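Right, one structure below, let's go through it.
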Amino acid sequence: KNYKDVQDFEFTIQDERLFMLQTRSGKRTGYAAVVIATDLVKEGLITPGEAVLLVDPESLSQLLAPGFDPKEWAKIPTATKGLPASPGAASGHVVFTADAAVQWSDRSQPVILVRRETVPDDIHGMWVAQGVLTATGGMTSHAAVVGRQMGKPSVVGAGELRIDEHAKTLRIKDQTVNEGDFVSFDGLSGEVKIARVPTQPSEILQVLAGKLKPKDSPIYERFNTLLMWSDKFRRMGVRANADLPDQAELAYAFGARGIGLCRTEHMFFGEGRIPIVQQMILADNEADRRAALARLLPLQRDDFYGVFKAMKGEPVTIRTIDPPLHEFLPRREELMVEIAKLELTNGSAATIADRKKLLDRVEQLHEFNPMLGHRGVRLGITYPEITEMQTRAIMQAACQLNKEGLKIVPEIMIPLVGLVKELRDQKTIVNRVAQEVMAEMGVKIKYLVGTMIEVPRGAMTADQIATEAEFFSFGTNDLTQMTFGFSRDDIGKFLRSYQDKKILDKDPFATIDVEGVGAVVRIGVEKGRQARPGLKVGICGEHGGDPASVHFFESVKLDYVSASPYRIPVARLAAAQAAMSVKVGD
1319 KNYKDVQDFE
1329 FTIQDERLFM
1339 LQTRSGKRTG
1349 YAAVVIATDL
1359 VKEGLITPGE
1369 AVLLVDPESL
1379 SQLLAPGFDP
1389 KEWAKIPTAT
1399 KGLPASPGAA
1409 SGHVVFTADA
1419 AVQWSDRSQP
1429 VILVRRETVP
1439 DDIHGMWVAQ
1449 GVLTATGGMT
1459 SHAAVVGRQM
1469 GKPSVVGAGE
1479 LRIDEHAKTL
1489 RIKDQTVNEG
1499 DFVSFDGLSG
1509 EVKIARVPTQ
1519 PSEILQVLAG
1529 KLKPKDSPIY
1539 ERFNTLLMWS
1549 DKFRRMGVRA
1559 NADLPDQAEL
1569 AYAFGARGIG
1579 LCRTEHMFFG
1589 EGRIPIVQQM
1599 ILADNEADRR
1609 AALARLLPLQ
1619 RDDFYGVFKA
1629 MKGEPVTIRT
1639 IDPPLHEFLP
1649 RREELMVEIA
1659 KLELTNGSAA
1669 TIADRKKLLD
1679 RVEQLHEFNP
1689 MLGHRGVRLG
1699 ITYPEITEMQ
1709 TRAIMQAACQ
1719 LNKEGLKIVP
1729 EIMIPLVGLV
1739 KELRDQKTIV
1749 NRVAQEVMAE
1759 MGVKIKYLVG
1769 TMIEVPRGAM
1779 TADQIATEAE
1789 FFSFGTNDLT
1799 QMTFGFSRDD
1809 IGKFLRSYQD
1819 KKILDKDPFA
1829 TIDVEGVGAV
1839 VRIGVEKGRQ
1849 ARPGLKVGIC
1859 GEHGGDPASV
1869 HFFESVKLDY
1879 VSASPYRIPV
1889 ARLAAAQAAM
1899 SVKVGD
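One rule links them: number in this note's numbering = place in the sequence shown (from 1) + 1318.
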């Protein structure tokens, strides 16, 4: 009653007398924290507002992830450690390619996808795997970001892994693991063990999936109650980073009210779509490119329709294509090996010619620094027909739903803008196509055109860009990369040394660097709103689900944060605590 929290007492008894030595708030798991907070309110000892402050937002991730039996896990020695990129317990047969993951999964075998690093073309293998383990990468690498989005346990940057994909072996120090052997890892601690360890599913996810009734899960009811209390105290909105209808539905179930980032390029990796995308990339002229885009149009439109519908009229921000085109093509080295094998085995001349043509295009698209190269708005300017197709698909889906009675206000976001003239160029295309679609479909709807602020120059000239942009969304992954000059995929190679030597306290890709990147964000917000009062500003980088970063975003008065679906509960609670100006946890 006095401390309004569970206490850990230290005492001693001497000569039959009890002496109280000290007391402190008791340590607890995420599960226990939610139970304690809701029980104290039920007993009338604290208010809902005080309960919200008792729970560390980060600890909620423990309630959503599958777990190991602690006693069983402790019995097995740790083989190595990596970065805990996405929470949860994973155990399965080791496989080294996405295709192998699918093949093993089709035989109902649990698998762990082990890669040096993952790329967008590995998505199909990541979906079926129990977890993803990589030798390189940081907290915002592809495996980390996609793992969090999928709710897939992931450990990245495990630098002691020595992977031989061709021999199908993995070496960790003096131990060799072959394809098919069991490996287990904990995405909360980063520990990797060479053994099979049973996992236990999350009750909360079983409720959201309809496999368990809410009334049959006391922890779900407490979890939901705590988050509803949180919503009453927070100022910022909470949206989701979601690319497909099923992800949008899950995000909505977790409490997201809007999508802050829908990555259109992730839709290109759906079944049967990559060949069409490659046809578009390989086209020698605009006419052939438009023909391929015409085949993609209905596929993108249907995806947008599903995402809009899943959000039930809440705002949805759709980003036009961002990554460089080479990401949609096979790797240069793999193509060269494939061609050599075909030539040595007297393969089909037509097949060899096709693969050589593809290799020529891959060579043309090769860039020394693709993350600073031909991507984002630069692609839209070079190939305006891509922007046209995506705008048409977005507007057709939105207009159709408005005709069906669901009010949709699409937010079309142009990425990587550093010059107001870049945005003006793309906005002209968007407005023209939007007017055409509305005329064709006989309906008039509201839509917004904005930009992703991720190039430092974009933030420094935000007053100019805001004359064209109707909203801003900070892409803090790339903004951090460009402000520091760190590669987010390679930082794992030196981050530990930086932290050991106290050069960096935290991974700047996981928790925002307030003094540097934060200062750039603050300038962008202030300049943008000076030029356009009332400008809606959000953040859609991975920092949107990090509690410490959420506190900073509250201080600069962002309108919303956007996070991966499985980070939505964390963001909701952190936003409430930020609004109450109290930081819980470290």
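Ideal placement from N, C-alpha and C gives every residue a C-beta, glycine not left out. Here the structure is a predicted model, which is why all the values come from computation and not from measurement.
Mind checking whether residue i and residue j have CB atoms under 7 angstroms apart?
i       : j       : result
Val1625 : Pro1563 : yes
Met1707 : Leu1615 : yes
Gly1842 : Ala1777 : yes
Gly1508 : Pro1402 : yes
Phe1386 : Ala1407 : yes
Gly1410 : Val1474 : no
Pro1405 : Leu1506 : yes
Gly1846 : Ala1784 : yes
Glu1632 : Gly1555 : no
Met1457 : Ala1828 : yes
Gly1449 : Pro1471 : yes
Ser1867 : Ile1830 : yes
Ala1715 : Tyr1570 : no
Val1515 : Ser1535 : no
Ala1351 : Val1373 : yes
Relative to the C-alpha of residue i, which candidate in the options has its C-alpha closest?
i       : options                            : result
Ile1430 : Val1495, Ser1805, Glu1788          : Val1495
Val1680 : Ile1490, Leu1371, Leu1647          : Leu1647
Asn1559 : Ala1383, Gln1744, Gln1799, Met1629 : Met1629
Lys1486 : Tyr1878, Thr1458, Ala1418          : Ala1418
Phe1792 : Lys1811, Thr1801, Met1770          : Met1770
Ile1512 : Cys1858, Arg1742, Gly1576, Pro1395 : Pro1395
Ala1752 : Tyr1765, Phe1337, Asp1807          : Tyr1765
Lys1319 : Gln1332, Ala1566, Ser1343          : Ser1343
Pro1642 : Leu1611, Arg1693, Glu1589          : Arg1693
In the structure shown, what three-state DSSP assignment does residue i receive?
i       : result
Ile1763 : coil
Tyr1538 : helix
Pro1438 : helix
Gln1427 : coil
Met1338 : strand
Leu1506 : coil
His1692 : coil
Tyr1878 : strand
Met1731 : strand
Gln1467 : helix
Thr1798 : helix
Met1444 : helix
Pro1384 : coil
Gly1768 : strand
Ser1791 : strand
Ala1350 : helix
How long is the line joining the alpha carbons of residue i and residue j, rounded to whole angstroms?
i       : j       : result
Leu1690 : Leu1813 : 22 angstroms
Met1654 : Gly1455 : 25 angstroms
Gln1848 : His1869 : 23 angstroms
Thr1415 : Thr1452 : 12 angstroms
Gly1736 : Thr1779 : 8 angstroms
Trp1391 : Ala1397 : 13 angstroms
Thr1436 : Glu1368 : 42 angstroms
Ile1809 : Arg1434 : 14 angstroms
Gly1590 : Gln1744 : 29 angstroms
Leaving aside the five residues before and after residue i along the sequence, list all residues of the same chain whose C-beta is less than 8 angstroms from its C-beta, in chain order.
i       : result
Gln1596 : Phe1646, Leu1647, Leu1676
Lys1345 : Asp1326
Ile1747 : Gly1698, Pro1702, Thr1705, Glu1706, Thr1709
Leu1822 : Leu1813, Tyr1816
Val1832 : Phe1870
Is residue i near the ligand ATP, in the sense that its beta carbon is under 6 angstroms from a heavy atom of that ligand?
i       : result
Ser1882 : Judged by which ligands are present, the structure shown has none, so any question about the ligand ATP falls away.
Within a Cβ cutoff of 7 angstroms, which residues of the same chain sit near residue i, ignoring the five residues on either side of it in sequence?
i       : result
Asp1796 : Glu1772
Ser1548 : Val1370, Arg1890, Leu1891, Ala1894
Glu1656 : Arg1673
Arg1305 : Summary: the structure shown does not reach residue 1305, with the chain confined to residues 1319 through 1904, and so no result is reported for it.
Thr1330 : Phe1337, Leu1339
Spatial neighbours of residue i within its chain, please: C-beta separation below 6 angstroms, excluding the five flanking residues on both sides.
i       : result
Gly1905 : Residue 1905 lies beyond the stretch modelled for the chain, which goes from 1319 to 1904, so this question has no answer here.
Pro1774 : Met1800, Thr1801, Val1838
Arg1480 : Arg1489
Glu1328 : Leu1339, Gln1340
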